[in-house]
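Enquirer: After the structure tokens below, expect a handful of questions from me.
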Amino acid sequence: MRADNAASIVDGNAAAGMLWDVFGADATTLIGVCAGCGDAAPLAGAVVEIDESAAIVRCRACTHTLFTVLRDGDGVRMVLGMLQEIVRR
Amino acid sequence: MTVGGWRPGRVVEAVAATPSARILRVQVPGWPGNDAGQHVDIRLTAEDGYQAVRSYSIGSYGTSETIELAVDEIPEGEVSPYLVEDVQPGDELEVKGPLGGYFVWRPGGEAPVQLIAGGSGIVPLMAMVRAATDVGAAGSVRLLYSVRTPRDAIYRDELARRGDDGGVAVTWRYTREAPAGWADRVGRLDEAAIRSAAWDPGREPIVYVCGPTGFVEHVADALVALGHPPARIRTERFGGA
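What follows is the structure in structure tokens.
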């Protein structure tokens, strides 16, 4: 049933592992600012649709896609969407 | 603490926790230790090379190289049924972590701590209960635990024992079926139940909420309506599969 494996809807906490592969550090405490609505919130709180190949990270306030992280073999690729700023406080 | 890549792990113990959940203890050589509330990614590889990765909260904390996971089975899932029904001591899996710096409790804060769990959302909060107890902070921590029935409560016995011994106080909420003689309402966790069980917003508690997405959204909205500032509410949501 692998082809039927639907994406699971979780939050940014569950994307910590993939984001670690991008940043080499924990990124879930970083504040992401959405270019769509201006909402600023920790990436841990974003809406995340995750499956074996990708994590789609959306703004919880307006649902725009902030960015997508794709597994690429043992590597990883981050495709930016409406993520306007990253802030560490 | 460093994460690095995938580490080999070996299941050393698998114990039934509820009719649908098991507690797994996994030995991970070189594990750097973890804070209460962190999680791991678990990677399973099938004989044909197909790999599946899932995130699981860690119920333990500290420096031990053996970590504790509690996995609730999702009937249509492709990973949790294996971990709940099939995996045996001696079996191997890969572990990445510890992960997450947001949904974490560390000793030292002045503010009281409110923990609110829905179902298997208890797991990272259990690590916080244990950590707070070990540093003598149990008196400033309260737990509100929502489960369908008493049988569905992971860590039921340990929580009851700790509560009786002067540890973290637990308020139970049963959404479908309560124990015999239960005086409180049975049903969805609502504002009134949260108000009576949780620290008053005036105490400026930090609130950790973990459970299924719908539960967390519902509870977070209720907390804000009761006057808890959104910035004091930390959430972790899980889904299916």
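Chains as they are written, first to last, in this note's numbering: chain A, 1247 to 1335; chain B, 89 to 329.
Glycine included, every Cβ here is placed at the ideal spot set by N, Cα and C.
#1: Distance check for G315/B and C1305/A, CA to CA, integer angstroms please.
#2: State whether the region 241-251 of chain B contacts the region 165-185 of chain B, with contact taken as three or more CB pairs (one from each stretch) at a distance under 8 angstroms.
#3: Hey, L1312/A and C1280/A: beta-carbon distance below 8 angstroms or not?
#4: Would you verify that the beta carbon of V152/B is, or is not, closer than 8 angstroms to some beta carbon of chain A?
#5: On the CB-based measure, 16 or more other CB atoms within 10 Å of its CB, does A104/B come out buried or exposed?
#6: Pull up the DSSP beta-bridge partners for A124/B, would you.
#7: Using 8 angstroms as the threshold, is the C-beta distance between A109/B and V159/B below it?
#8: Could you tell me the boundaries of the alpha helix (DSSP H) in which T301/B lies?
#9: Rounding to the nearest angstrom, what Cα-Cα distance links E265/B and R273/B in this structure?
#10: What is the DSSP secondary structure of G1278/A, counted as helix, strand or coil?
#11: Using a Cβ-Cβ cutoff of less than 7 angstroms, which residues in the same chain neighbour V1256/A once the five nearest sequence positions on both sides are dropped?
#12: Is V128/B closer than 8 angstroms to Y149/B when the C-beta atoms are compared?
#13: Are three or more beta carbon pairs between the region 200-208 of chain B and the region 275-295 of chain B nearer than 8 angstroms?
#14: Can you check whether the CB of E153/B is closer than 8 angstroms to the CB of V116/B?
#15: In chain order, what residues of the same chain lie with their CB nearer than 7 angstroms to the CB of M1324/A, ignoring the 5 residues before and after it?
#16: May I ask you to list, following chain order, the residues of the region 1259-1270 of chain A that have a beta carbon less than 7 angstroms from some beta carbon of chain B?
#17: Bridge partners of W119/B, per DSSP?
#18: Between R1317/A and L1276/A, is the Cβ-Cβ spacing less than 8 angstroms?
#19: Could you compute how far the alpha carbon of S1299/A sits from the alpha carbon of Q139/B?
#20: So, helix, strand or coil for G1321/A, using DSSP?
#21: Along the chain, where does the beta strand (DSSP E) that runs through G206/B open and close?
#22: Looking at chain B, which residues of the region 1272-1303 of chain A have a Cβ within less than 7 angstroms of any of its Cβ atoms?
#23: By Cβ distance, which residues of its chain are closer than 8 angstroms to G327/B, with the 5 residues on each side in sequence left out?
#24: Classify T106/B: buried if its beta carbon has 16 or more other beta carbons within 10 angstroms, exposed otherwise.
#25: Measure the beta-carbon distance from L181/B to I130/B and round it to whole angstroms, keeping in mind my assumption that it falls under 8 angstroms.
#26: Are the CB atoms of E279/B and C298/B nearer to each other than 8 angstroms?
#27: Quick check on DSSP: helix, strand or coil for T237/B?
#28: Which term fits W270/B, buried or exposed, when burial requires 16 or more other beta carbons within 10 angstroms of its beta carbon?
#29: Just list the beta strand (DSSP E) runs in the region 149-183 of chain B, keeping only unbroken ones of 3 residues or longer that don't cross its boundaries, in chain order.
#30: Inspect the beta-carbon positions of Q126/B and G188/B and report whether they are closer than 8 angstroms.
Expert: Checking against the coordinates, here is how it stands:
#1: Within the first sequence, residue 1305/A is the residue found at index 59, counting from 1. Within the second sequence, residue 315/B is the residue found at index 227, counting from 1. Taking the straight line joining both Cα atoms gives about 24 angstroms.
#2: no
#3: Translated into the one-based positions of the first sequence, residue 1312/A becomes position 66. Translated into the one-based positions of the first sequence, residue 1280/A becomes position 34. In contact: L1312/A and C1280/A (Cβ atoms closer than 8 angstroms).
#4: Numbered from 1 along the second sequence, position 64 holds the residue referred to as residue 152/B. The question names Val, but residue 152/B in the sequence shown is Ser. Cβ-Cβ to chain A under 8 angstroms: no for S152/B.
#5: Position 16 of the second sequence, counting from 1, holds the residue named residue 104/B. Classification for A104/B: exposed.
#6: In the second sequence, residue 124/B corresponds to position 36, counting from 1. For A124/B, which the question treats as bridged, DSSP gives the partners W193/B.
#7: As a working note, residue 109/B is residue 21 in the second sequence. As a working note, residue 159/B is residue 71 in the second sequence. Yes, these two residues count as a Cβ contact at 8 angstroms.
#8: Along the second sequence, read from residue 1 onward, the residue named residue 301/B stands at position 213. Element bounds for T301/B: T301 to A313.
#9: The sequence position of residue 265/B within the second sequence is 177, counting from 1. The sequence position of residue 273/B within the second sequence is 185, counting from 1. Distance between the alpha carbons of E265/B and R273/B is about 10 angstroms.
#10: On the first sequence, position 32 is the one that residue 1278/A refers to. G1278/A falls in the strand class under three-state DSSP.
#11: By one-based count along the first sequence, residue 1256/A stands at place 10. Once the five neighbours on either side are set aside, the close Cβ partners of V1256/A are V1294 and I1296.
#12: Start at 1 with the first residue of the second sequence, and residue 149/B comes out as number 61. Start at 1 with the first residue of the second sequence, and residue 128/B comes out as number 40. No, these two residues do not count as a Cβ contact at 8 angstroms.
#13: yes
#14: Translated into the one-based positions of the second sequence, residue 116/B becomes position 28. Translated into the one-based positions of the second sequence, residue 153/B becomes position 65. Their beta carbons are under 8 angstroms apart, which means V116/B touches E153/B by this criterion.
#15: Along the first sequence, read from residue 1 onward, the residue named residue 1324/A stands at position 78. Excluding positions up to five away in sequence, the list reads V1268, F1313 and V1315.
#16: N1259, A1260, A1262, G1263 and W1266
#17: Counting from one through the second sequence, the residue named residue 119/B turns up at place 31. Its beta-bridge partners do not exist; DSSP assigns none.
#18: Along the first sequence, one-based indexing puts residue 1317/A at 71. Along the first sequence, one-based indexing puts residue 1276/A at 30. Taking 8 angstroms as the Cβ cut-off, R1317/A and L1276/A do not qualify as a contacting pair.
#19: For the purposes of this step, residue 1299/A is identified with residue 53 of the first sequence, where counting begins at 1. For the purposes of this step, residue 139/B is identified with residue 51 of the second sequence, where counting begins at 1. Between S1299/A and Q139/B, the C-alpha separation is close to 10 angstroms.
#20: Within the first sequence, residue 1321/A is the residue found at index 75, counting from 1. Strand.
#21: One-based indexing of the second sequence puts residue 206/B at position 118. Unbroken beta strand (DSSP E) run through G206/B: V201 to G206.
#22: D1272, T1274, T1275, P1288, A1290, G1291 and E1298
#23: The residue labelled residue 327/B in the question sits at position 239 within the second sequence. Correct list, in chain order: P300 and T301.
#24: What you label residue 106/B is simply residue 18 of the second sequence in a count that begins at 1. So T106/B ends up on the buried side.
#25: For the purposes of this step, residue 181/B is taken as the residue at position 93 of the second sequence. For the purposes of this step, residue 130/B is taken as the residue at position 42 of the second sequence. L181/B to I130/B, Cβ: 6 angstroms. Contact.
#26: To locate residue 279/B, count along the second sequence from 1; it is residue 191. To locate residue 298/B, count along the second sequence from 1; it is residue 210. No, they are not a contact pair.
#27: Position 149 of the second sequence, counting from 1, holds the residue named residue 237/B. Three-state DSSP puts T237/B in coil, outside helix and strand.
#28: As a working mapping, residue 270/B is identified with position 182 in the second sequence. So W270/B ends up on the exposed side.
#29: 154-160
#30: By 1-based counting over the second sequence, the position of residue 126/B is 38. By 1-based counting over the second sequence, the position of residue 188/B is 100. For Q126/B and G188/B, yes; Cβs fall inside 8 angstroms.
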